[in-house]
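Residues 1157 to 1276 in the numbering used here are what the sequence shown spells out, letter by letter. Using N, Cα and C, we set each Cβ at its ideal position, and we do this for glycine too.
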Amino acid sequence: SANWFVRLLSGGGTPANNASLQKAGGRLGAWFYTGATGVSVRYLVDDSDGTEISVARTLPANTWTFHEVKLDDSAQWDPWASGNGTITAANVTLDAIVVERAQTSFDVVIYVDNVSFRVQ
């Protein structure tokens, strides 16, 4: 009867197990596919002052969609777990990919592919 939130941990949830990602010009992205409607995705990154969460992007049903966020664009980030909503460190690590949806009585399958990082 409640909305759900699934956190797909990177590196077992330990920042030291993940690659360092450069904030300046950094872009974090992945491909997503679901047959369900109302599914949204976000990224969590471990920053110097806590964890920040990217703004949600709703996925279209039955279409592979690439969702990318800019690490150096404060408009794309909100505070989470002691964070301040802005990436302040020069480098961060990926904490998790988050999938959210309103409660449903049917199973929802989501595919995640090619999680990537680039500097532009």
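Any C-beta of chain D under 9 angstroms from that of residue i
i	result
Y1267	The structure shown has no chain D; it contains just one protein chain.
Euclidean distance between Cα positions of residue i and residue j
i	j	result
S1210	L1200	7 angstroms
G1239	D1205	6 angstroms
D1263	I1243	35 angstroms
V1254	R1274	20 angstroms
N1173	A1192	32 angstroms
A1105	S1261	Not covered by the structure: residue 1105. The range shown for the chain is 1157 to 1276.
P1235	V1197	16 angstroms
V1195	L1164	15 angstroms
P1277	A1237	The chain is shown from 1157 up to 1276; residue 1277 falls before or after that span and cannot be answered.
Endpoints, beta strand (DSSP E) assigned at residue i
i	result
L1200	1196-1203
I1243	Segment: none, I1243 is in no beta strand (DSSP E) and carries neither H nor E.
P1235	1233-1236
S1176	Segment: none, S1176 is in no beta strand (DSSP E) and carries neither H nor E.
D1269	1266-1275
G1206	1206-1210
T1221	1221-1226
L1164	1160-1165
Rounded Cβ spacing between residue i and residue j (contact assumed at less than 8 angstroms)
i	j	result
S1272	G1182	With a Cβ gap of about 11 angstroms, S1272 and G1182 do not count as contacting.
R1257	W1187	The pair is not a contact, with the Cβ atoms about 18 angstroms apart (cut-off 8 angstroms).
T1190	A1158	With a Cβ gap of about 19 angstroms, T1190 and A1158 do not count as contacting.
E1208	G1241	7 angstroms
Fill in: Three or more C-beta pairs below 8 angstroms linking the stretch 1246-1260 and the stretch 1184-1201
yes
Discussion item. I'd like to know if the stretch 1254-1268 and the stretch 1222-1230 are in contact, where contact means that at least 3 CB-CB pairs between them fall below 8 angstroms.
Written reply: no
Worksheet item: Hey, is the stretch 1163-1180 in contact with the stretch 1210-1219, meaning 3+ C-beta pairs nearer than 8 angstroms?
Response: no
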